[in-house]
Amino acid sequence: MSIIHNLKTPSLLSPSLSSPHTSSSFPLQSSFKPPIFSSNPPLLSRRLFLPSVSGIWDALTGGNNNTNEAVLAIRRGMSLFRQGDVLGSVVEFDRAIQLDPRQKAYLWQRGLSLYYLDRFEEGAEQFRLDVAQNPNDTEESIWCYLCEAQLYGVDEAKKRYLEVGIDPRPVMRETYNMFKDGGDPEKLVAAFSNSRDSDYFYASLYAGLFYESQSKSEAAKVHIVAACKSSYGQRSNDYMASLSKVHCLCRNWIFS
């Protein structure tokens with residue numbers, strides 16, 4: 001789907017998105033450009049933008065009460081997830097879908113929450129829906145793999161691995177290839193240990209998740225705790241920084 005969300009106003013950005021992310025409070029404003037259709041869109045993650053295409057168009061056209069309530073439910077769900085209430089977040093995400101079914105194909109946040117509730121089949125379905133809408137989303141392909149590795153094992157999950165476009169972030173390109181080809185998580189972390197804070201965070205987070213997919217819990221703990229303790233993990237409003245803390249909470253790991 002060749003849709004570019006060309007939003008310029010920071011308050012429209014979702015607080016949960018891959019880097020960079022914004023704070024969890026962002027009232028809708030009207031001073032933004034509508035989506036632009038292009039045959040050659042840049043490879044940007046949808047996580048940089050509002051929860052759904054429908055939300056953008058409804059903001060442009062005045063929307064309706066159900067859509068507005070759905071967007072609010074998504075924001076509540078994201079806030080609950082950040083607070084560690086994973087089950088409560090899914091309740092809100094599901095409420096959003098009931099209010100506006102169009103939201104489901106874009107609710108990657110719901111997929112993350114389902115992973116931490118061990119609802120892996122539903123999580124994989126969610127991420128596959130998301131990748132179908134945006135075939136350039138590296139992280140959702142990886143999270144689909146993580147769900148399916150728990151369901152079917154790593155060998156079968158590799159066979160089902162979702163091919164996506166080239167991520168503009170070097171750390172995520174290397175991470176994607178590591179999951180796809182069975183690379184070395186230690187080399188991934190070493191390669192980005194002296195890079196930007198965000199790169200080190202993402203390398204550490206996904207190195208830990210790679211180990212978790214292989215049931216190597218101690219190695220997973222080392223790297224995900226390192227992600228939590230990193231300057232980016234401690235100070236960033238990135239939803240994935242919150243996720244690293246939720247991960248530690250769900251696994252009863254102490255990281256502070």
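With our numbering, the residue at position 109 of the sequence shown is 109, and numbering never jumps. We put the CB at the ideal spot given by N, CA and C, even for glycine.
What would DSSP say about residue i, mapped onto helix, strand or coil?
i	result
S193	coil
V164	coil
Q126	helix
G183	coil
P257	Outside the displayed range of the chain (1 to 256) lies residue 257, so it cannot be described from this structure.
W143	helix
D257	For the chain, the structure presents residues 1 to 256; residue 257 sits outside this window and is missing.
R251	coil
S215	coil
P41	In this prediction, P41 has a pLDDT of 37, which is less than 50 and means its spatial position is unreliable; what the coordinates show is noted afterwards. DSSP places P41 in coil when its eight states are reduced to three.
S244	helix
S230	coil
G208	helix
R169	coil
Please classify residue i: is it buried, with 16 or more other beta-carbons within 10 angstroms of its beta-carbon, or exposed?
i	result
I254	exposed
L162	buried
K159	exposed
I166	exposed
A190	exposed
L87	exposed
A70	buried
L151	exposed
D238	buried
N252	exposed
E148	buried
A73	buried
Determine the closest residue to residue i out of the options, with distance taken between C-alpha atoms.
i	options	result
C250	F210, S113, E139	S113
S230	S204, V246, K221, N68	S204
K221	G208, S213, S215	G208
L129	G111, Y200, D100	G111
G182	V91, G84, V154	V154
E92	D118, A226, G77	G77
S242	Q83, A73, R75	Q83
Y232	D199, K187, Y176, N136	D199
L267	N68, T138, A124	The requested residue 267 is not part of the displayed model; the chain covers only 1 to 256.
V131	E121, R119, L107, P101	L107
For residue i, collect the residues of the same chain with a Cβ closer than 6 Å to its Cβ; drop the 5 residues on either side in sequence, then sort them by chain order.
i	result
I97	Q103, K104
T175	Y206
K245	C228
Y145	A157, Y161, F179
F127	G111, E140, W143, C144
If I measure Cβ to Cβ from residue i and keep anything under 7 Å in the same chain, skipping five residues before and after, which residues do I get?
i	result
F192	V171, D199, Y200, A203
Length at least 3, wholly inside the region 52 to 124: the beta strand (DSSP E) runs in chain order: none
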